[in-house]
Amino acid sequence: MKKDLSPQGGARMTGSLGEILRSQGVSRRSFMKFCATTASLMALPPAMIPMLARAMEQARRPSVIWLSFQECTGCTESLTRAHTTTIESLIFDAISLDYHHTLQAAAGSAAEAARAAAMAENFGNYLLVVDGSIPLDNPGYSTIAGISNLDMLSECAKGAAAIIAVGTCATYGGIPHAYPNPTGAVSVGDIIKDKPVINVPGCPPIPVVITAVLAHYLTFGALPELDHIGRPKAFYGQSIHDRCYRRPFYDKGQFAETFDDEGAKQGWCLYKLGCKGPTTYNACATTKWNNGTSFPIEAGHPCLGCSEPDFWDGGGFYKALSMPTENISKSAVYAAAGAAVAGVLVGAMNRSKQNASNRIHIKTSIEDLTK
Amino acid sequence: MTEIELLSWARGPGLQIASSIFVAGVVIRLFEILLLGRKANLAEARGTEMSSGLKTIFTRTVPDRTTFRRSSVTIVSGYAFHIGLFVVCFLSAPHILFLKDIIGFGWPSLPTPVIDACAVITIIALVATLVNRLTNKVMRFLTNFEDLLTWVLTFLPVLTGYLAFHRIGLTAPSLLAVHLLSVELLLVLFPFTKLMHAFTLFLARWYNGAISGYKGVAS
Numbered sequence: 012m013k014k015d016l017s018p019q020g021g022a023r024m025t026g027s028l029g030e031i032l033r034s035q036g037v038s039r040r041s042f043m044k045f046c047a048t049t050a051s052l053m054a055l056p057p058a059m060i061p062m063l064a065r066a067m068e069q070a071r072r073p074s075v076i077w078l079s080f081q082e083c084t085g086c087t088e089s090l091t092r093a094h095t096t097t098i099e100s101l102i103f104d105a106i107s108l109d110y111h112h113t114l115q116a117a118a119g120s121a122a123e124a125a126r127a128a129a130m131a132e133n134f135g136n137y138l139l140v141v142d143g144s145i146p147l148d149n150p151g152y153s154t155i156a157g158i159s160n161l162d163m164l165s166e167c168a169k170g171a172a173a174i175i176a177v178g179t180c181a182t183y184g185g186i187p188h189a190y191p192n193p194t195g196a197v198s199v200g201d202i203i204k205d206k207p208v209i210n211v212p213g214c215p216p217i218p219v220v221i222t223a224v225l226a227h228y229l230t231f232g233a234l235p236e237l238d239h240i241g242r243p244k245a246f247y248g249q250s251i252h253d254r255c256y257r258r259p260f261y262d263k264g265q266f267a268e269t270f271d272d273e274g275a276k277q278g279w280c281l282y283k284l285g286c287k288g289p290t291t292y293n294a295c296a297t298t299k300w301n302n303g304t305s306f307p308i309e310a311g312h313p314c315l316g317c318s319e320p321d322f323w324d325g326g327g328f329y330k331a332l333s334m335p336t337e338n339i340s341k342s343a344v345y346a347a348a349g350a351a352v353a354g355v356l357v358g359a360m361n362r363s364k365q366n367a368s369n370r371i372h373i374k375t376s377i378e379d380l381t382k
Numbered sequence: 012m013t014e015i016e017l018l019s020w021a022r023g024p025g026l027q028i029a030s031s032i033f034v035a036g037v038v039i040r041l042f043e044i045l046l047l048g049r050k051a052n053l054a055e056a057r058g059t060e061m062s063s064g065l066k067t068i069f070t071r072t073v074p075d076r077t078t079f080r081r082s083s084v085t086i087v088s089g090y091a092f093h094i095g096l097f098v099v100c101f102l103s104a105p106h107i108l109f110l111k112d113i114i115g116f117g118w119p120s121l122p123t124p125v126i127d128a129c130a131v132i133t134i135i136a137l138v139a140t141l142v143n144r145l146t147n148k149v150m151r152f153l154t155n156f157e158d159l160l161t162w163v164l165t166f167l168p169v170l171t172g173y174l175a176f177h178r179i180g181l182t183a184p185s186l187l188a189v190h191l192l193s194v195e196l197l198l199v200l201f202p203f204t205k206l207m208h209a210f211t212l213f214l215a216r217w218y219n220g221a222i223s224g225y226k227g228v229a230s
């Protein structure tokens with residue numbers, strides 16, 4: 012089924028989410044299965060499943076404005092390029108995506124008019140989704156319709172019920188923020204302080220996390236519980252390492268040393284190849300990618316730690332986490348050489364002190380003592 | 012500063028500064044000790060220095076019966092935490108990788124549960140040495156600030172390493188950063204405290220053995 016997310020393209024869906032899903036051929040059974048999965052993913056008690064289902068079924072299409080700033084469109088690709096139509100993508104279709112300059116058919120002033128209209132109609136109630144970082148050094152680095160990213164974000168945030176920052180660029184600055192950060196890129200949370208901002212990091216983030224956050228918002232009218240850096244705890248509560256199916260190999264001390272050795276073929280732990288799983292919090296190891304097919308470690312590649320701030324500057328993707336990021340050997344050799352010279356000088360000083368003491372030493376004879 | 016920034020600093024510049032101070036401090040102190048020299052012994056030699064010196068390096072490892080009876084807690088807990096520290100520092104996979112990156116070669120690691128057990132034994136033994144130090148009247152009388160400082164410097168990396176592995180208390184990046192910072196603190200103060208005994212121990216034993224050997228007596 013071809014997805015059409017644009018407000019201008021295709022028949023604009025009306026009615027409750029339940030009606031929309033039924034019209035798309037989603038059975039009651041599939042819908043309940045989705046609700047149960049979402050509830051369990053978000054660690055909600057089973058008693059909440061009917062509540063979730065009722066709320067989802069009756070929810071009116073929330074207006075969503077999606078802003079893309081300094082980004083690569085990978086986040087949008089992640090959400091819209093599923094291999095098969097999933098119930099998550101149908102729910103995503105069912106939101107009223109009033110502005111998304113990659114997906115919408117309208118362009119130029121018509122597109123900006125759609126954004127202004129959506130903001131005016133739903134002031135105080137729309138969800139603002141942002142992907143990409145915001146350059147602060149020079150507003151001209153990234154503009155849309157002549158409007159700087161900072162101005163557009165500030166303007167759209169005013170009437171938003173909540174803001175969902177999608178992808179590591181929007182949540183923590185991401186690749187544009189990487190050293191030397193030529194555009195002065197910052198995250199949404201660095202700018203917006205007076206609205207709830209939920210961070211859904213990842214490069215790109217897992218689609219189901221977005222839909223689950225939306226589901227939570229539709230059900231409870233509030234955002235889910237967040238961790239200390241604004242991520243939903245249900246998805247970012249555990250590290251990749253703790254949920255990794257290769258963890259037993261780490262515990263046994265069985266590691267792949269190279270990408271093509273026997274250890275790699277046996278599926279052993281990728282820690283030595285630079286896996287950042289131990290310090291990365293995300294749901295890849297449990298929800299997986301491509302409709303639950305696999306995740307990077309399962310495909311034989313170490314975790315890059317893409318859902319953590321500054322992952323790009325973490326000292327190299329293929330350098331093990333316990334390795335120093337600077338050249339310690341070189342600095343140690345310089346330090347040792349300098350210290351050897353200093354040591355000889357200190358030794359010479361001590362020697363001369365010793366000799367001086369010996370020179371002024373007056374020997375005492377038996378005669379002196381019997382005087 | 013975020014936890015990731017702290018971790019990056021601890022893995023990079025922090026480690027570089029600490030290791031440079033450690034290496035420079037150890038080298039200067041060793042040079043200073045060795046260049047002091049010894050006064051020429053004018054007495055006639057009654058035996059050889061070298062063999063007695065080398066023998067003493069090993070014989071002093073085993074405590075004699077009377078000493079053991081008198082200080083059994085100190086000796087047992089001392090051995091336990093020293094062996095535990097050695098295993099945890101040099102035979103765990105992440106630490107071997109760390110050293111390999113610096114010295115250019117590595118060696119096989121022990122399984123994680125073994126390292127974990129050794130860390131627990133080390134922590135218990137270190138706590139026992141502190142309790143013994145504070146409860147034994149003679150030990151308490153002899154204890155000074157440096158003794159307590161070096162205990163803290165040794166204990167912190169083991170404790171933070173254990174917490175980092177089990178993810179207790181803080182997030183993984185924070186725990187790893189705290190662990191590295193505790194190691195860096197140890198490295199910085201190592202050459203200037205009695206922790207320097209790791210390098211001077213065998214020198215001192217050799218000297219003791221050599222002096223006795225020269226005199227032709229058992230050391």
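Protein chains in written order, with the working numbering: chain V, 12 to 382; chain B, 12 to 230.
We put the beta carbon where it would ideally sit given N, CA and C, even for glycine.
Tell me the rounded alpha-carbon separation between residue i and residue j.
i, j, result
"Ala215/B", "Leu164/B", "23 Å"
"Gly85/V", "Thr113/V", "11 Å"
"Val355/V", "Gly36/B", "13 Å"
"Val208/V", "Val140/V", "10 Å"
"Arg40/B", "Met360/V", "14 Å"
"Phe101/B", "Pro119/B", "10 Å"
"Tyr110/V", "Gln27/B", "49 Å"
"Leu32/V", "Ala124/V", "29 Å"
"Leu96/B", "Ile134/B", "9 Å"
"Ser198/V", "Tyr183/V", "5 Å"
"Ile155/V", "Ser79/V", "9 Å"
"Ala129/V", "His177/B", "49 Å"
"Pro74/B", "Val38/B", "30 Å"
"Arg39/V", "Met62/V", "15 Å"
"His93/B", "Ser19/B", "30 Å"
"Arg76/B", "Ile222/B", "23 Å"
"His190/B", "Ala296/V", "26 Å"
Using a beta-carbon distance below 7 Å, is residue i in contact with chain B?
i, result
"Ile339/V", "yes"
"Met334/V", "yes"
"Val177/V", "no"
"Val197/V", "no"
"Ser250/V", "yes"
"Pro212/V", "no"
"Val208/V", "no"
"Pro289/V", "yes"
Please tell me whether residue i has its Cβ less than 7 Å away from any Cβ of chain V.
i, result
"Leu26/B", "yes"
"Glu7/B", "Beyond the ends of chain B as shown, which are 12 and 230, falls residue 7/B; an answer cannot be given."
"Arg49/B", "no"
"Leu141/B", "no"
"Val73/B", "no"
"Ser185/B", "no"
"Val38/B", "yes"
"Leu96/B", "no"
"Phe116/B", "no"
"Ala229/B", "no"
"Asp127/B", "no"
"Ser223/B", "no"
"Ile113/B", "yes"
Given that residue i touches chain B, what residues does it touch there, using C-beta distances under 9 Å?
i, result
"Asp205/V", "Chain B residues near Asp205/V: none, gap ~21 Å exceeds 9 Å."
"Arg362/V", "Leu46, Leu47 and Gly48"
Given that residue i touches chain B, what residues does it touch there, using C-beta distances under 8 Å?
i, result
"Ala189/V", "Within 8 Å Cβ-Cβ: nothing; Ala189/V doesn't reach chain B, min ~12 Å."
"Pro216/V", "Here the premise fails: no neighbours, minimum Cβ distance about 18 Å."
"Asp321/V", "Thr13, Ile15, Glu16 and Ser19"
"Lys400/V", "Here chain V has residues from 12 to 382 only, and residue 400/V is not among them."
Strictly below 7 Å CB to CB, what residues from chain V border residue i?
i, result
"Phe101/B", "Here the premise fails: no neighbours, minimum Cβ distance about 13 Å."
Name the chain V residues that come within less than 9 Å of residue i, Cβ to Cβ?
i, result
"Asp158/B", "Here the premise fails: no neighbours, minimum Cβ distance about 26 Å."
"Pro168/B", "Near Pro168/B there are no residues of chain V at all, since even the closest Cβ is about 13 Å away, more than 9 Å."
"Thr165/B", "None at all; the shortest Cβ gap to chain V is about 20 Å."
"Thr123/B", "Tyr261, Asp262, Lys263 and Gly264"
"Glu11/B", "No information on residue 11/B is available, as it lies outside the stretch 12 to 230 that chain B covers here."
Quick one: list the residues of chain V neighbouring residue i, beta-carbon separation under 8 Å, in chain order.
i, result
"Gly23/B", "Gly326, Pro335, Thr336 and Glu337"
Check: Name the residues in the region 255-280 of chain V whose C-beta lies less than 8 Å from a C-beta of chain B; which are they?
Finding: Tyr261, Asp262, Lys263, Gly264 and Phe266
Check: According to a CB-to-CB cut-off of less than 8 Å, which residues of the region 341-355 of chain V neighbour chain B?
Finding: Ser342, Ala343, Tyr345, Ala346, Ala347, Gly349, Ala350, Ala351, Ala353, Gly354 and Val355
Notebook entry, point to check: Can you list, in chain order, the stretches of the beta strand (DSSP E) that have 3 or more residues and sit fully within the region 165-203 of chain V?
Noted result: 171-177
Note to self: Suppose only complete runs of 4+ residues qualify. What are the alpha helix (DSSP H) ranges in the region 209-276 of chain V, listed by chain order?
What the structure shows: If we require 4 residues or more, the alpha helix (DSSP H) runs fully inside the region 209-276 of chain V come out as 218-231, 244-247, 251-254, 258-263 and 273-276.
Notebook entry, point to check: Just by C-beta distance, which residues in the region 196-217 of chain B are closer than 7 Å to chain V?
Noted result: none
Margin query: Please list, in chain order, the residues of the region 299-323 of chain V that have any C-beta partner in chain B closer than 7 Å.
Written below: The residues in question are Glu319, Pro320 and Asp321.
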